[in-house]
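Residue 234 in the UniProt record's numbering sits at position 234 of the sequence shown, with consecutive numbering throughout. The structure under discussion appears below in the form of structure tokens.
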Amino acid sequence: MNAGLDLLWVKAPAWLAAIGMPAVVYPLAFCVAGGVAIGLFQENVGPYPDDMNAVLAEVKKTGRYDYRHLVAMFFGALLPLLFGGSIGPEAGLTGVVAGLCSWVGDRLKFMGAEMRELANAGTAAILSAIFSAPLFGLAAPLFGYADDADGRRRRIDSFTATVVSAPQVSKPVKTAVYLLSVAGALGAFMLLNEVAGGGSGLPHFSDMAVGTSELAWALPVIALGACAGWLFHGFGWAVGKLSARLGDRVVVKAVVAGAILGVLGIFLPFTLFAGEAQTEMLAQQWTALGAGALLATGFLKVLASQVCLGLGWRGGHFFPLIFSGIAIGYAAAGLFGIDPVFALSVSTAALLGAAMRQPLMVALLLILCFPAKAVVFVLAAACLGAAVPVPKAFSRKLPH
1 MNAGLDLLWV
11 KAPAWLAAIG
21 MPAVVYPLAF
31 CVAGGVAIGL
41 FQENVGPYPD
51 DMNAVLAEVK
61 KTGRYDYRHL
71 VAMFFGALLP
81 LLFGGSIGPE
91 AGLTGVVAGL
101 CSWVGDRLKF
111 MGAEMRELAN
121 AGTAAILSAI
131 FSAPLFGLAA
141 PLFGYADDAD
151 GRRRRIDSFT
161 ATVVSAPQVS
171 KPVKTAVYLL
181 SVAGALGAFM
191 LLNEVAGGGS
201 GLPHFSDMAV
211 GTSELAWALP
221 VIALGACAGW
231 LFHGFGWAVG
241 KLSARLGDRV
251 VVKAVVAGAI
261 LGVLGIFLPF
271 TLFAGEAQTE
281 MLAQQWTALG
291 AGALLATGFL
301 KVLASQVCLG
311 LGWRGGHFFP
321 LIFSGIAIGY
331 AAAGLFGIDP
341 VFALSVSTAA
351 LLGAAMRQPL
361 MVALLLILCF
371 PAKAVVFVLA
381 AACLGAAVPV
391 PKAFSRKLPH
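In structure tokens:
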């Protein structure tokens, strides 16, 4: 994928500029072209890949995931990433690995009930690898969801019922299945990462200082992050209304998403892409960008993510939201003169808390991103973000 990104976003703009096309309009032209490609793909192949929560729920419910469309899942996930979509790769990779684990399970039917553990262990391994967050990777398949961003109230006690009714598996066999499937899933992830390109998970920050200034400004920074997380739901509702108005015109939806994304990318380039690789660039440039540009990037990347997800650019929302929280945190550090890592930790946690509605999952996701001393602040900020009320209308699923 990195080779494709270099060709399409570095070499091609230079070539177009050489023949007289202003490079500044390239994001718009290319994102619209991407919308055409994505729309035609979905119209002719299907709506792939599935949302990560849908994959996790299916694996938890049935112990497997349909692998008949693995190639379509892979390319369906790859296209939006190549064309600059503000979405993450986790949905496609989770579906591909869960499908591969199910395929292996079908080849080993003689092991019977033990194979129920295979897809669960595979999804745990791939989520751990994608996010560099092993606790989050283990918890998400266990609960059958990664967040409650879509407003569905899932109960953890349903997991208990599943465990009770599931066939019993001996401990040695279960251990062997988990070890083999985790190794296989991690191997598949490394192979896919080598072929498709990509980064190495979530960013890692260190050397956080916490003093009176940081504590005094903690609530305003949390409020900024929580506001962006609340807008994640508001933007999703608005995009859902637009999607319903456009009806079943899949190509038109994808092109509209590309046009909006392209316009944002002209003025705020960091609103493009998942944000995984851009986090390091932002860490080097944030002092030169200014608080206004950083705040605009953080809030509008939330919009860009919902535009992509709601209008057919399929993928995940975790990486863009984390990048948004980081951009807002840098802006707060510049505005209030506080430690940037502290600002990043609480703004990102508050944003994810408001968006995901699951403070514990937020803490498990971010626990390795920040120093150990940040854990208490991350959990507190996530709880405060999740406590922000979201109108019921925002939680109502609209047709996409």
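Cβ coordinates follow ideal geometry from the N, Cα and C atoms, glycine included. Given the structure is predicted, the values throughout are model-derived calculations rather than measurements.
So if DSSP puts residue i in a beta bridge, which residue, or which two residues, is it bridged to?
| i | result |
| --- | --- |
| residue 88 | 316 |
Count the other CB atoms within 10 Å of the CB of residue i; is the residue buried (16 or more) or exposed (fewer)?
| i | result |
| --- | --- |
| residue 53 | buried |
| residue 98 | buried |
| residue 206 | exposed |
| residue 11 | exposed |
| residue 307 | buried |
| residue 392 | exposed |
| residue 248 | exposed |
| residue 404 | Not covered by the structure: residue 404. The range shown for the chain is 1 to 400. |
| residue 267 | exposed |
| residue 355 | buried |
| residue 357 | buried |
| residue 361 | buried |
| residue 106 | exposed |
| residue 215 | exposed |
| residue 15 | exposed |
Just to confirm before moving on: does the CB-CB distance between residue i and residue j stay below 8 Å?
| i | j | result |
| --- | --- | --- |
| residue 95 | residue 319 | no |
| residue 67 | residue 59 | no |
| residue 38 | residue 217 | no |
| residue 350 | residue 387 | no |
| residue 275 | residue 323 | yes |
| residue 92 | residue 49 | yes |
| residue 325 | residue 364 | no |
| residue 250 | residue 42 | yes |
| residue 341 | residue 299 | no |
| residue 30 | residue 8 | yes |
| residue 328 | residue 223 | no |
| residue 209 | residue 339 | yes |
| residue 4 | residue 272 | no |
| residue 261 | residue 304 | yes |
| residue 390 | residue 233 | yes |
| residue 287 | residue 270 | no |
| residue 321 | residue 302 | yes |
| residue 80 | residue 337 | no |
Pick helix, strand or coil for residue i, following the three-state DSSP scheme.
| i | result |
| --- | --- |
| residue 51 | coil |
| residue 272 | coil |
| residue 208 | coil |
| residue 256 | helix |
| residue 162 | At residue 162, the pLDDT of 40 sits below 50, so the modelled position is not reliable and the matter cannot be decided from this model. |
| residue 21 | coil |
| residue 266 | helix |
| residue 155 | Because the pLDDT of residue 155 is 41, which lies under 50, any placement of that residue in the model is unreliable, and the number read from its coordinates should be weighed accordingly. Three-state result, residue 155: coil. |
| residue 27 | helix |
| residue 6 | helix |
| residue 167 | Low local confidence applies: a pLDDT of 46 at residue 167 is under 50, so the model's placement there is unreliable, and no value is given. |
| residue 388 | coil |
| residue 308 | helix |
| residue 66 | coil |
| residue 45 | coil |
| residue 369 | coil |
| residue 100 | helix |
| residue 220 | helix |
| residue 285 | helix |
- prompt: Does the pairing of the stretch 235 to 251 with the stretch 14 to 31 give three or more beta-carbon distances under 8 Å?
  reply: Counting Cβ pairs under 8 Å, fewer than three are found: no touch.
- request: Kindly confirm or deny that the stretch 68 to 80 and the stretch 320 to 333 touch, where touching means at least three C-beta pairs closer than 8 Å.
  value: Between the stretch 68 to 80 and the stretch 320 to 333, the count of C-beta pairs closer than 8 Å stays below three; the two stretches do not touch.
- prompt: Using 8 Å as the Cβ pair cut-off and three pairs as the minimum, do the stretch 30 to 44 and the stretch 253 to 264 touch?
  reply: Remark: three or more beta-carbon pairs, one from each stretch, lie closer than 8 Å, so the stretch 30 to 44 and the stretch 253 to 264 are flagged as touching.
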